[in-house]
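Undergrad: Residue numbers for the sequence shown follow this note's numbering, beginning at 1 and rising by one.
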Amino acid sequence: MKKVFSAMLSIAWLTLPAMFALQSCTILEVFEVSIADEFGKLPDYTESGYNTAGAYFTTTDKSSGFNDLWTINFSLPPSVYITKQDGEFQFSLNGTKSFSREPIEILFVFQAEQIDSLPDLQKLGGKQYAMQKNNLSASVTSGNTSYNLTSASLNFNRSRIIYTDYDNRQRGVSLSGTFEIAGTMPDNTGVKLENGRFDILFSGYNGTDFDNGTE
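(1) Taking just the CA atoms, how far does A152 sit from M185?
(2) Counting C-beta neighbours from all protein chains within 10 Å, is the total for S247 16 or more, i.e. buried, or is it exposed?
(3) Excluding the 5 residues preceding and the 5 following N157 in the sequence, name in chain order all residues of the same chain whose CB lies nearer than 6 Å to its CB.
(4) Quick one: Cα of F108 to Cα of F91, how far?
(5) Inspect the CB distances between the region 103 to 117 and the region 133 to 141 and report whether three or more fall short of 8 Å.
(6) Who are the Cβ neighbours of N290 in its own chain at under 6 Å, not counting the five residues just before and after it?
(7) Could you compute how far the alpha carbon of T46 sits from the alpha carbon of L124?
(8) Which residue from S100, Q114, N73 and D61 puts its Cα closest to that of Q85?
(9) When the Cα of G54 is compared with those of F202, S203, N195 and M131, which residue comes out closest?
(10) Report the three-state DSSP secondary structure of P103 (helix, strand or coil).
(11) Would you decide whether K192 is buried or exposed? Buried here means 16 or more other CB atoms lie within 10 Å of its CB.
(12) By the three-class DSSP mapping on this structure, what secondary structure does I199 have?
(13) Out of S117, M131 and A182, point me to the one whose CA is closest to T141's CA.
(14) Keeping to the same chain, check which residues put their C-beta closer than 6 Å to that of T150; ignore five residues upstream and five downstream.
(15) Short check: CB of Q132 to CB of N155, under 7 Å?
(16) Once the 5 residues before and after T52 are set aside, which same chain residues still bring their CB inside 6 Å of it?
(17) By DSSP, does D37 sit in helix, in strand, or in coil?
(18) Please list, in chain order, all residues of the same chain as A130 whose beta carbon is under 8 Å from its beta carbon, the five residues on each side excluded.
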């Protein structure tokens, strides 16, 4: 039987719809939302489902005179999505460099067999993945250009149910963590995404708080 979840992306007082579908392939996707990042500022690391993500973007090319920031960009749908098929997860973050506004997608792929519903995302809390451990693959792309990655790590530091302040109802499950990526651009310029962090809230809705989940 096809089971369909909807998800909500909540930023401050804004709540916008998205979709979580569980079928042969599970898809959790956050669609377009128009929220401007604070220019030139790396988001604080948080664990409260604030829907932020960012990293320092540094290169070995000093001719530009400065390094850059990468931050999630909700005007690039889908800005965030997770897909699952046969136990394999793909976690994608779409963003832009703050100064050049170059769009860049970061994609992580890892195994997570025991996650079959939205509340199961809590099981990711404390999980650590890395290319060096052979339990993570990753890619960084800008348009049709892909970087050659030499290392990548992804840490889900915390995953928990978030409750509303006013009536203590379940808002959803937050995924919070950090990441680091290193590699080269096609012209062999070295590149790093450093001090990466994310704090994303996913909420299921089908007339109740969750389709199958309890705390």
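We put the beta carbon where it would ideally sit given N, CA and C, even for glycine.
TA: By the coordinates alone:
(1) 15 Å
(2) The requested residue 247 is not part of the displayed model; the chain covers only 1 to 215.
(3) S176 and G177
(4) 5 Å
(5) yes
(6) Nothing can be reported for residue 290, as the shown portion of the chain is limited to 1 through 215.
(7) 16 Å
(8) Q114
(9) N195
(10) strand
(11) buried
(12) Before going on, a small fix: residue 199 reads as Asp here, not Ile. Three-state DSSP puts D199 in a strand.
(13) A182
(14) A182 and G183
(15) no
(16) P43 and D199
(17) Below a pLDDT of 50, predicted positions are generally treated as unreliable, and D37, at 44, falls in that range; the measurement from the model is reported next regardless. Reduced to three states, the DSSP call for D37 is coil.
(18) L136, S151, A152, S153 and L154
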